[in-house]
Amino acid sequence: MTENEDKSWLDVLKGISIPDWVTDNLIAALGKGILNSVTGILTTASEIPKAALQNRSEKIKLIGEVQRELIRKAAEHSLLQVQEDSELAERALKYHGVKLLEQQVNRESIAQKTLENLRHVEFLEDEPENKINRDWLTAFWNMAENKSEEDVQNLLARILNNEIVKPGSLSLHTLQVLSILDSEVGKSFAKLCNMSIDDGDLAFFIHPNVFPFQNIGKTKMYGFNFHELLALDGAGLIRSAETIRLQFKEPFSPDAEPEYEEVEYLGGKAKLATAGEQLNFIYFTQAGTELRRLMELKEVPNYTLRLKEILKDKFIVES
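Just add 29 to wherever you are in the sequence shown, counting from 1, and you've got the numbering used here.
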């Protein structure tokens, strides 16, 4: 926890200047994740009791009480298995209690990161038409409660922030893909994202070093290897570890100005013209594209330089 450990969630929320509709979405999101899961508290902003948002130590204390109540009720149960093998029953209950605690701590951590991130989010001027989807929130927290690695939790917090501010940004399908990702695949994906372009529909990686008559090539010089591409392919984040080669039509006139497409590179504006070029692409899937838009991108300088060598004035990164 941070300096907010001794503050209630409501106190933290009051310290953030956000529109009312964001507050409603935030309460719905946290209600599903850290309130409703343990206390059964209602999840709309107008229904929050004064004691609804409690600090971490109080939550853990509450979980301990729940565990003791489970053990007490199990001891009173007439199940034959409990009577004949009380040690087995006790182990099962301890496992359930520990799992419950670990899941709650994970949810608490992601919720705290979400609140901290919210201080730096730019809000839409007008309230979006879509409301945050309760089924989406259920799927999110069911997945998130089992993620304990710091970098994965940071990504999940950004995902939840984005969904609170722009409901419908991340599909349920992408959540399913995310549920099977581990930290190593996540790191590989982050590296590929750093060398990708988003044209507004899909993201893609332009492979600069494809072997002749093949659909693969070396990327080790950019801190990325083919085995990582295979892992991303298997995780459903890219369409294939092999490239797709496209030959674009020549411009109508050799002296014609390049026809640029507005794209995004490294989180900023860029221009790309492909007329007359033969390029090798690795396309991201829908899930990969949606997740890429939430990544914190960092430049791979020698890759940017290589793209500019290949495309020359047809690739312009705006400052």
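From the three backbone atoms N, C-alpha and C, an ideal C-beta is built for every residue, glycine too.
- Query: When the distance is taken between beta carbons, is residue 343 closer than 8 Å to residue 287?
  - Reply: As a working note, residue 287 is residue 258 in the sequence shown. As a working note, residue 343 is residue 314 in the sequence shown. Their beta carbons are under 8 Å apart, which means residue 287 touches residue 343 by this criterion.
Query raised in the report: Tell me the DSSP bridge mates of residue 299?
Result: Working through the sequence shown from its first residue, we reach residue 299 at position 270. DSSP lists 292, 346 as partners of residue 299.
Notebook entry, point to check: Going along the chain, which residues of its own chain have a beta-carbon closer than 8 Å to the beta-carbon of residue 257, five neighbours each way excluded?
Noted result: To locate residue 257, count along the sequence shown from 1; it is residue 228. Hits under 8 Å: 217, 220, 221.
*asked:* Rounding to the nearest angstrom, what Cα-Cα distance links residue 202 and residue 57 in this structure?
replied: Sequence index remark: in the sequence shown, residue 202 carries index 173 (1-based). Sequence index remark: in the sequence shown, residue 57 carries index 28 (1-based). If you draw a straight line from the Cα of residue 202 to the Cα of residue 57, it comes to about 21 Å.
**Asked** Is the Cβ-Cβ distance between residue 245 and residue 255 less than 8 Å?
**Response** Translated into the one-based positions of the sequence shown, residue 245 becomes position 216. Translated into the one-based positions of the sequence shown, residue 255 becomes position 226. Against a cut-off of 8 Å, the Cβ pair of residue 255 and residue 245 comes out as a contact.
Practice task
Might you give, ordered along the chain, the residues of its own chain that have their beta carbon closer than 7 Å to the beta carbon of residue 185, omitting 5 neighbours on each side?
Solution key: Along the sequence shown, read from residue 1 onward, the residue named residue 185 stands at position 156. The residues are 139, 173, 176.
Apart from the five residues on each side of it in sequence, which residues of its chain come closer than 8 Å, Cβ to Cβ, to residue 226? The residue given as residue 226 occupies position 197 in the sequence shown. Taking C-beta separations shorter than 8 Å and ignoring five residues to either side along the sequence, the partners of residue 226 in its chain run 232, 233, 234, 235, 292, 293, 294, 299, 301, following chain order.
Let me check one thing: in DSSP terms, what residues is residue 275 bridge-paired to?
Taking the sequence shown and counting its residues from 1, the one referred to as residue 275 is at position 246. Answer by DSSP bridge pairing, in chain order: 308.
Here's the rule I'm using: 16 or more other beta-carbon atoms within 10 Å means buried, otherwise exposed. How should residue 309 be labelled? Walking along the sequence shown from the start, residue 309 turns up at place 280. Under a 10 Å Cβ-count criterion, residue 309 is classified as buried, with 16 or more other Cβ atoms of the shown protein chains found around its own Cβ.
Determine the DSSP secondary structure at residue 239, reduced to helix, strand or coil.
-> If you number the sequence shown from 1, residue 239 lands on position 210. Strand, per DSSP.
Query raised in the report: Beta carbon of residue 191, beta carbon of residue 204: below 8 Å?
Result: Counting from 1 along the sequence shown, the entry for residue 191 is found at position 162. Counting from 1 along the sequence shown, the entry for residue 204 is found at position 175. No, the Cβ-Cβ distance between residue 191 and residue 204 is not below 8 Å.
task = Leaving out five residues on either side along the sequence, give the residues of the same chain with a beta carbon under 8 Å from the beta carbon of residue 277.
result = Along the sequence shown, read from residue 1 onward, the residue named residue 277 stands at position 248. Taken in chain order, the residues that qualify are 303, 304, 305, 306, 307, 308.
Item to complete: Name, in chain order, the residues that DSSP records as bridge partners for residue 233.
Response: What you label residue 233 is simply residue 204 of the sequence shown in a count that begins at 1. Residue 233 is bridged to 226, 312.
- Excluding five sequence neighbours on each side, which residues of the same chain lie with their C-beta closer than 7 Å to the C-beta of residue 159? Position 130 of the sequence shown, counted from the first residue, corresponds to residue 159. For residue 159, where only same-chain residues beyond five positions count, the Cβ hits under 7 Å are 196, 197.
Continuous alpha helix (DSSP H) stretch holding residue 337: start and end
Counted from its first residue, the sequence shown places residue 337 at position 308. Counting along the chain, residue 337 sits inside the alpha helix (DSSP H) bounded by residues 330–340.
Exercise. With a 10 Å radius around its C-beta and 16 neighbouring C-beta atoms as the bar for buried, classify residue 224 as buried or exposed.
Key: Within the sequence shown, residue 224 is the residue found at index 195, counting from 1. Of the residues assessed, residue 224 falls on the buried side of the cut-off, its CB having 16 or more other CB atoms within 10 angstroms.
query: Span of the alpha helix (DSSP H) holding residue 190?
result: What you label residue 190 is simply residue 161 of the sequence shown in a count that begins at 1. Residue range 179–194 is occupied by the alpha helix (DSSP H) that includes residue 190.
Q. Among 47, 284, 329, which has the Cα closest to the Cα of residue 148?
A. Within the sequence shown, residue 148 is the residue found at index 119, counting from 1. Out of 47, 284, 329, 47 has the C-alpha closest to the C-alpha of residue 148.
C-alpha distance - residue 135 paired with residue 142, whole-angstrom precision: Start at 1 with the first residue of the sequence shown, and residue 135 comes out as number 106. Start at 1 with the first residue of the sequence shown, and residue 142 comes out as number 113. In this structure, the straight-line span from the alpha carbon of residue 135 to that of residue 142 is close to 11 Å.
*Relative to the C-alpha of residue 320, which residue among 347, 127, 181 is closest?*
As a working mapping, residue 320 is identified with position 291 in the sequence shown. Of all alpha-carbon atoms in 347, 127, 181, the one lying nearest the alpha-carbon of residue 320 is that of 181.
Rounded to the nearest angstrom, what separates residue 153 and residue 207 at their Cα positions? The sequence position of residue 153 within the sequence shown is 124, counting from 1. The sequence position of residue 207 within the sequence shown is 178, counting from 1. So the two alpha carbons sit approximately 26 Å from each other.
Between which two residues does the alpha helix (DSSP H) harbouring residue 163 extend? In the sequence shown, residue 163 corresponds to position 134, counting from 1. For residue 163, the enclosing alpha helix (DSSP H) begins and ends at 163–173.
Quick check on this structure: which residue in 264, 335, 130, 168 has the alpha carbon closest to the alpha carbon of residue 211?
Residue numbering aside, residue 211 sits at position 182 when the sequence shown is read from its first letter. Of 264, 335, 130, 168, the residue nearest in Cα terms is 264.
* Should residue 169 go down as buried or exposed, given a rule of 16 or more other Cβ atoms within 10 Å for buried? -> The residue given as residue 169 occupies position 140 in the sequence shown. Around the beta carbon of residue 169, 16 or more other beta carbons lie within 10 angstroms, which makes this residue buried.
Below 8 Å between beta carbons: does that hold for residue 194 and residue 150? On the sequence shown, residue 194 is found 165 positions in, with the first residue counted as 1. On the sequence shown, residue 150 is found 121 positions in, with the first residue counted as 1. Yes. Within cutoff.
Can you tell me where the alpha helix (DSSP H) with residue 56 in it begins and where it stops? For this step, residue 56 is matched to residue 27 along the sequence shown. Here the alpha helix (DSSP H) through residue 56 covers 49–59.
Between residue 290 and residue 179, what straight-line distance do the alpha-carbon atoms span, to the nearest angstrom? Working through the sequence shown from its first residue, we reach residue 290 at position 261. Working through the sequence shown from its first residue, we reach residue 179 at position 150. One C-alpha to the other measures close to 37 Å.
CA nearest to the CA of residue 237, picked from 161, 230, 272, 261: To locate residue 237, count along the sequence shown from 1; it is residue 208. Ranked by Cα distance from residue 237, the first of 161, 230, 272, 261 is 272.
Margin query: Using a Cβ-Cβ cutoff of less than 6 Å, which residues in the same chain neighbour residue 279 once the five nearest sequence positions on both sides are dropped?
Written below: The residue labelled residue 279 in the question sits at position 250 within the sequence shown. If we look at residue 279 and ignore the five residues flanking it on each side, its Cβ neighbours are 305.
*State the DSSP-derived secondary structure class of residue 139, mapped to helix, strand or coil.*
Working through the sequence shown from its first residue, we reach residue 139 at position 110. Under the three-state reduction of DSSP, residue 139 is assigned to helix.
Helix or strand or just coil, what does DSSP make of residue 63? By one-based count along the sequence shown, residue 63 stands at place 34. Correct three-state label for residue 63: helix.
Exercise. With C-beta atoms as the reference, is residue 209 less than 8 Å away from residue 323?
Worked result: In the sequence shown, residue 209 corresponds to position 180, counting from 1. In the sequence shown, residue 323 corresponds to position 294, counting from 1. Contact flag unset, no.
For this session: Could you tell me the boundaries of the alpha helix (DSSP H) in which residue 202 lies?
Result: Here residue 202 refers to the residue found at position 173 of the sequence shown. Counting along the chain, the alpha helix (DSSP H) containing residue 202 begins and ends at 201–208.
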